[in-house]
Amino acid sequence: MTKQKATGANLGFEDKLWNAADKLRGTMDAAEYKHVVLGLIFLKYISDSFLEKFNELKKKKFADPEDRDEYMAENVFWVPPESRWDYLQKRAKDPKIGQLIDSALAAIERDNPPLKGALPKDYGRPALDKSRLGSIIDLIATIGLGDKESRKQDILGRVYEYFLSKFAEKEGKGGGEFYTPQSVVKLLVEMIEPYKGRVFDPCCGSGGMFVQAVRFVQAHSNGNGDGTKALRNISIYGQESNHTTWCLARMNLAIRGIDADVKWGDSFLKNEQKDLRADFILANPPFNMEDWGFSKIKEDVRWKYGTPPTGGARKQKDGTVVHVDGGNANYAWIQHFIHHLSPNGTAGFVLANGSMSTNTSNEGEIRKSIIDADLVDCMIALPGQLFYTTQIPVCLWFLTRSKKEDNKRGYRKRKGETLFIDARKFGTLIDRVHRDLSEEEIVEIARTYHAWRGEKKDGKYEDKPGFCKSATFDDIKSHHYVLTPGRYVGAEAIEDDGIPFEEKMAELSDKLYQQMRESQELDATIRKNLDYLGYGEKS
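The opening position of the sequence shown corresponds to residue 262 in this note's numbering, with each subsequent residue numbered one higher.
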């Protein structure tokens, strides 16, 4: 089986680029350095793209390469002279290079309204070593990012994604704010198949769910030649509470030419997309988040299936007590997703494993209400070590508003049924502490779900002990509304090797007696050696 890196990038120079850039980081935190490097990569991309169009216009008899409208018509960002890469690179060793970059990015925002407020503009701060900054500029200058050939290979997207994953790794726990491992994102997208409709992520981080959704549409439409038309069939909406991460998302989408309505703000306290009813929801909310402001929205319409944990006193390691306004937010997120689903919508999201079985602070009652409403379509248990944020295993929830027969999408009627998949044995270690799902494993899981839904393209569904089980409402009720797949899929069937029990037992017994004899011989040799050294057993 061919194993790909979690980033999906395979350009050959990513590691070299990262190692070189990382050496320049000095004493700067990864969280801070991230915006320095990714901002420059973005600047190089739009400058390359602009330059290619600029040179093309220079060759045309009546075209003006300095006419901004020529670029806007082609969906190319207009880059003013003071923001172009060659201008900045010539001044890379200038002590004022930080201020020049800040001015360059401000000018790009000024002339390209969709980018307003999205670009980092803090390169001139005294704490940022300007000689190191100049070296990073020289380094990034060696990569082609925005020209036609580079865009065709999505070099920028892949470098950007690679850097995001490396920054998440460097930042450890905090990195999960903006990055979900690509194999997990790909599995979510492959499961829900967002061919057409509104795609929503209310905690979108750096926008990875959106990027993968667009890739999915492109991959499944290339064969019939209507990739551009197919992309127009999906609309993207999002929200992100962390301002710097929101900026990352806007840059991430902009460099890929993805139009999206991504709002900045807290999804719980300031639901900027409150009227949206999405056909597909993809999300990786913060695990087990607390203190999210429950008291401000305790009567919210979103809590249809029960009041989420309200919070209270929390004892700290040093013995002090703090009060949190809002307990574990997992079931607040779940109800937020349900609230935003369209009548035929499907949601796929990541949660901590505890969400499948918890009975504390009304969570068990909320889960029971959601199950009673027949909203749970599929549950997947994943292996540990997939995330940079935590080594613990996580799970995927798939909820749907409708389990009716849908001939248009090829779904059978599945009222009162839920699919359980146990994928805890899947994945391969890509380093000492991180695991990744392979392409084949993603396909196997997604096809199992699609076959269960009735999609003929994926064959006939069958329960597979130890892996998947189609359970009824009564099955779930008998397990006290716990949604852990291991409770339903059972043990994996042991393959019969055809050897009669008597013959196998005789063979095993002979082997055991042989090992016992060897043990006695070894024991005698050790005793003899100890006796020879003067440490014999005292009588």
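By construction, the Cβ of each residue, glycine as well, lies at the ideal position given by its N, Cα and C atoms.
None of these values were measured; they are calculated from a predicted model.
- Contact between residue 662 and residue 603 holds: their C-beta atoms lie close to 7 Å from each other, under 8 Å.
- The beta-carbon distance between residue 466 and residue 441, rounded to whole angstroms, is 7 Å. This is short enough to meet the 8 Å contact definition.
- Spanning the alpha carbons of residue 400 and residue 458 requires a straight line of approximately 41 Å.
- The residue among 279, 356, 372 and 377 with its C-alpha nearest the C-alpha of residue 384 is 356.
- Closest by C-alpha distance to residue 704, out of 606, 517 and 445, is 445.
- Sorting 577, 715, 351 and 599 by C-alpha distance to the C-alpha of residue 402 places 351 at the top.
- The beta carbon of residue 713 is closer than 7 Å to those of 680, 722 and 731 in its chain, skipping five residues each way along the sequence.
- Annotated three-state conformation of residue 674 is coil, per DSSP.
- With respect to residue 576, residue 585 sits apart: the two C-beta atoms are not nearer than 7 Å.
- The segment 640–657 and the segment 773–781 do not touch, with fewer than 3 CB-CB distances between them shorter than 8 Å.
- The three-state secondary structure of residue 296, taken from DSSP, is helix.
- Annotation: residue 472 to residue 519 spans about 8 Å, alpha carbon to alpha carbon.
- Its Cα nearest to that of residue 381, the residue 298 stands out among 298, 307, 340 and 323.
- In the three-state reduction of the DSSP assignment, residue 603 falls in the strand class, which pools E and B.
- Judged by DSSP in its simplified three-state form, residue 365 adopts helix.
- Rounded to the nearest whole angstrom, the CA to CA distance from residue 570 to residue 633 is 20 Å.
- The closest CA to that of residue 363, considering only 767, 374, 347 and 386, is found on 386.
- Here the alpha carbon of residue 348 sits roughly 7 Å from the alpha carbon of residue 342.
- Just so you know, the alpha carbons of residue 535 and residue 322 end up roughly 51 Å apart.
- In terms of Cβ geometry, residue 451 and residue 707 form a close pair [threshold 7 Å].
- Put simply, the segment 496–504 touches the segment 525–541. At least three CB pairs are less than 8 Å apart.
- For residue 493, there is no enclosing beta strand (DSSP E), as DSSP marks it with neither H nor E.
- With contacts defined by Cβ atoms closer than 7 Å, residue 314 and residue 337 form a contacting pair.
- Annotated three-state conformation of residue 371 is helix, per DSSP.
- Nearest in C-alpha terms to residue 683, of all of 493, 710 and 514, is 710.
- Residue 531 and residue 623 have their C-alpha atoms spaced approximately 24 Å apart.
- Following the DSSP letters along the chain, one finds residue 395 inside the alpha helix (DSSP H) bounded by residues 391–401.
- Out of 587, 788 and 391, the CA that lies nearest to the CA of residue 558 is found in 587.
- Comparing alpha carbon positions, the residue from 324, 700 and 515 closest to residue 375 is 515.
- Counting only runs of 3+ residues, the beta strand (DSSP E) found wholly inside the segment 573–634 occupies 582–586 and 602–613, in chain order.
- The criterion of a C-beta distance shorter than 7 Å is satisfied by residue 609 and residue 449.
- Judged by DSSP in its simplified three-state form, residue 472 adopts helix.
- Going by C-alpha positions, residue 508 is about 44 Å away from residue 740.
- When DSSP reads this structure, residue 478 sits in no beta bridge, so it has no partner.
- Residue 311 places its beta carbon less than 7 Å from that of residue 340.
- Of the residues 625, 551, 637 and 715, the one whose Cα lies closest to the Cα of residue 667 is 715.
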